[in-house]
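These notes concern the structure reproduced below.
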Amino acid sequence: MGSTLRRTVLAVLVTVPFGGPALAADPAGLWLTETGSSRVKITPCGGGYCGTIVSAPGKALDAKNPDPALRNRSVVGVQILNAQQADGSSYTGSLYNPKDGKTYSGSLRLTGPNALEVSGCVMSVFCKRQTWTRVN
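Residues 944 to 1079 in our numbering are what the sequence shown lists, from first letter to last.
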């Protein structure tokens, strides 16, 4: 192979994006929660991402919701994640926990192509983190 052809091939290989890192940096998709009991669909919304429960075990009612009128609804279809603010390698916003009916300051950050760290914090000090696994 001539040196001109080698340089052309090398230039093409260096400048063509392969999609691996770009796809890995996108948290959109279907995620299995750390307990393995629920699935959350994360989609782009606004300048960040939103997450909605798409499956949960049993009746999965929103029984702890602070609004008594919502306590008999299924958690399936409930948006639990609203992370609109880009913050370096993560997105911050709010996270609703149907198990206790409380909304926390929250964040999501990809830690690998199929691993998503989701955290919810009280007073930005007491935080609980979970690692969700990509389903698709």
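By construction, the Cβ of each residue, glycine as well, lies at the ideal position given by its N, Cα and C atoms.
Residue i, DSSP secondary structure in three states
i	result
A1012	helix
E977	coil
G972	strand
V997	strand
K1071	strand
K984	strand
G990	coil
Residue i - containing beta strand (DSSP E), residue span
i	result
R1026	The question names Arg, but residue 1026 in the sequence shown is Ala. 1022–1030 is the span of the beta strand (DSSP E), which, as asked, contains A1026.
L1038	1033–1040
V1061	1058–1065
S1050	1045–1055
C-alpha gap between residue i and residue j, whole angstroms
i	j	result
L1053	N1015	33 Å
V1068	N1079	33 Å
N1025	S1037	5 Å
Y992	G1031	14 Å
L1059	T976	9 Å
C1070	P987	24 Å
Y1034	P1000	28 Å
G989	I1023	15 Å
G979	Q1027	25 Å
A1003	R982	12 Å
A968	L1051	12 Å
V1065	Y1047	6 Å
Beta-carbon spacing of residue i, residue j below 8 Å
i	j	result
G972	I996	no
T1076	N1057	yes
I985	P970	yes
N1040	G1063	yes
CB contact below 8 Å: residue i versus chain B
i	result
Y992	The displayed structure is made up of one protein chain only, and chain B is not part of it.
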